[in-house]
DNA sequence: CTTCATGGTATCGTTTAGGATACTATACCA
DNA sequence: TGGTATAGTATCCTAAACGATACCATGAAG
């Protein structure tokens, strides 16, 4: 087991990467607690398999908590763990940079084609 | 083109993901300017193909600059662009969280097996 | 005339991530 | 008796990422 910055960055990025994990995390940040079916509804293009898989990985990494109610039909609620909440500043930093980057890309493209520009909403946090 | 936090986070993560991009960026952060062969030497397991590919993507995204000297044998130097340097705080945030996460994983594992622990170096930046 | 170093490409194969679709258990409700 | 809702699994397939290996151009040094 190595202990380099690169190792740490990769370890952290493993948690965030996965086609749906950022969306799932942002959902749980803004909604606090969501049932499986609510998450699925809010993420229109995800398949059930992927949603389950990504939630399981996040659960394994102690980022999300899975609460099962023994009722029929089943009720399962997902939420961030306290530890998962420590990711919020990281996501905020990424989000802020991402916003700048979208602008940056737009400027680069404007030098070539004529894609219309969007007025920036300048929202640095969720 | 959407304009949601999730979109921005994903756009930003696209730049950081790729098996070798974090390592490459950290190399360029700590060494300022590196030749192709130096990068390859410092990243022992990368193949030439992957190194070229990832550098090209970073170049396309205006994160790294590629300076070609017309000499033989060829000399090509890579460095961060000014824009690329704006990624440094983001990588620092990810690195800091990653360090906590490595500790967190170690604590979880200690409850099960007997893997020896490393004294933390508590280095929050590069 | 050959060898060497550098910074690449090209081609092919494997591995992994992700997607489509079908199936399941359970209790309630009509 | 049959349909419904929820939260999943199981199976199969495709596409993309990644890796191994071989090849190439150039000019200087020997």
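Protein chains in written order, with full-length UniProt numbering: chain B, 1 to 126; chain G, 1 to 126.
We put the beta carbon where it would ideally sit given N, CA and C, even for glycine.
Remember, predicted model here, so these are calculated numbers, not experimental data.
Identified DSSP bridge partners for residue 64(G): For the purposes of this step, residue 64(G) is taken as residue 64 along the second chain, with counting starting at 1. 80(G).
8 Å Cβ cutoff met for residue 9(B) and residue 89(G): Translated into positions along the first chain, residue 9(B) becomes position 9. Translated into positions along the second chain, residue 89(G) becomes position 89. 8 Å or more divides the Cβ of residue 9(B) from the Cβ of residue 89(G).
Is it buried or exposed for residue 102(G), if we count other Cβ within 10 angstroms and need 16 for buried? If you number the second chain from 1, residue 102(G) lands on position 102. Residue 102(G) comes out buried.
Work out the CA separation of residue 78(B) and residue 60(G) for me, nearest whole Å. Numbered from 1 along the second chain, position 60 holds the residue referred to as residue 60(G). Numbered from 1 along the first chain, position 78 holds the residue referred to as residue 78(B). Computed Cα separation, rounded: 39 Å.
On the DSSP letters alone, give me the boundaries of the alpha helix (DSSP H) that residue 25(B) sits inside. Position 25 of the first chain, counted from the start, is the residue given in the question as residue 25(B). Residues 21-31.
Just the C-alpha distance for residue 11(B) and residue 18(B), rounded to the nearest angstrom, thanks. Residue mapping note: residue 11(B) aligns to position 11 of the first chain, counting from 1. Residue mapping note: residue 18(B) aligns to position 18 of the first chain, counting from 1. Their Cα atoms are separated by approximately 13 Å.
Have a look at residue 29(B) and residue 74(G) and give me their C-alpha separation to the nearest angstrom. As a working note, residue 29(B) is residue 29 in the first chain. As a working note, residue 74(G) is residue 74 in the second chain. Using only the alpha carbons, I get a separation of about 50 Å.
Using a C-beta cutoff of 8 Å, does residue 118(G) count as contacting chain B? Working through the second chain from its first residue, we reach residue 118(G) at position 118. Confidence is the limiting factor: at residue 118(G) the pLDDT is only 46, short of 50, which leaves the residue's position unreliable and the question unanswerable from this model.
At least one CB of chain G closer than 8 Å to the CB of residue 44(B): is that the case? On the first chain, position 44 is the one that residue 44(B) refers to. Taking 8 Å as the CB threshold, residue 44(B) stays off the interface with chain G.
Interface residues of the segment 53-83 of chain B facing chain G [CB-CB below 9 Å]: Residues passing the 9 Å Cβ filter: 61, 62 and 83.
CB-CB under 8 Å to residue 13(B), same chain, minus the five flanking residues each way: which ones, in chain order? Looking up residue 13(B) in the first chain gives position 13. Hits under 8 Å: none found.
Below 7 Å on C-beta distance, what does residue 10(G) contact in chain B? Looking up residue 10(G) in the second chain gives position 10. For residue 10(G), the residues of chain B that pass the 7 Å Cβ criterion are 22, in the order they occur in the chain.
Using 8 Å as the threshold, is the C-beta distance between residue 76(G) and residue 36(G) below it? Here residue 76(G) refers to the residue found at position 76 of the second chain. Here residue 36(G) refers to the residue found at position 36 of the second chain. It is a contact, given that the beta carbons lie within the stated cut-off.
In the structure shown, what three-state DSSP assignment does residue 105(B) receive? Along the first chain, one-based indexing puts residue 105(B) at 105. Here residue 105(B) sits in helix by DSSP.
Which term fits residue 3(B), buried or exposed, when burial requires 16 or more other beta carbons within 10 angstroms of its beta carbon? Translated into the one-based positions of the first chain, residue 3(B) becomes position 3. Burial call: exposed.
Take residue 95(G) as the anchor and find which of 91(B), 54(B) and 98(B) has the nearest alpha-carbon. Here residue 95(G) refers to the residue found at position 95 of the second chain. With respect to the C-alpha of residue 95(G), the residue from 91(B), 54(B) and 98(B) having the closest C-alpha is 91(B).
When the cut-off is 8 Å and only beta carbons count, does residue 101(B) lie next to chain G? Residue mapping note: residue 101(B) aligns to position 101 of the first chain, counting from 1. The Cβ of residue 101(B) sits closer than 8 Å to at least one Cβ of chain G.
Chain B within 8 Å of residue 88(G), Cβ atoms only: What you label residue 88(G) is simply residue 88 of the second chain in a count that begins at 1. The beta-carbon of residue 88(G) is placed no less than 8 Å from the nearest beta-carbon of chain B.
Can you tell me where the alpha helix (DSSP H) holding residue 125(G) begins and where it ends? Position 125 of the second chain, counted from the start, is the residue given in the question as residue 125(G). For residue 125(G), no alpha helix (DSSP H) segment is defined, and its DSSP state is neither H nor E.
Would a check of beta-carbon distances place residue 189(B) closer than 8 Å to chain G? Absent from the structure is residue 189(B), since the part of chain B shown begins at 1 and ends at 126.
Apply the 10 Å Cβ neighbour rule to residue 111(G) and answer buried if 16 or more other Cβ atoms are within range, or exposed otherwise. If you number the second chain from 1, residue 111(G) lands on position 111. Label assigned to residue 111(G): exposed.
Buried or exposed for residue 125(B), going by 16 or more other Cβ atoms inside 10 Å? For this step, residue 125(B) is matched to residue 125 along the first chain. Classification of residue 125(B): exposed, given that the 10 Å Cβ count is below 16.
Let me check understanding here. Comparing Cα to Cα, which of 25(B), 45(B) and 33(B) lies closest to residue 58(B)? Reading the first chain from its first residue, position 58 is the one you call residue 58(B). Distances from the CA of residue 58(B) to each of 25(B), 45(B) and 33(B) were compared; the closest alpha carbon is that of 25(B).
Does the beta-carbon of residue 54(B) have 16 or more other beta-carbons within 10 angstroms, so that it is buried, or is it exposed? Walking along the first chain from the start, residue 54(B) turns up at place 54. Residue 54(B) is buried by the Cβ-count criterion.
Is it buried or exposed, residue 68(G), if we count other Cβ atoms within 10 angstroms and call 16 or more buried? Sequence index remark: in the second chain, residue 68(G) carries index 68 (1-based). Counting Cβ neighbours within 10 Å, residue 68(G) comes out exposed, since fewer than 16 surround it.
With 16 other Cβ atoms within 10 Å as the buried cut-off, status of residue 44(B): Locating residue 44(B) in the first chain gives position 44, counting from the first residue. If you draw a 10 Å sphere on the C-beta of residue 44(B), you find fewer than 16 other C-beta atoms in it, and that means exposed.
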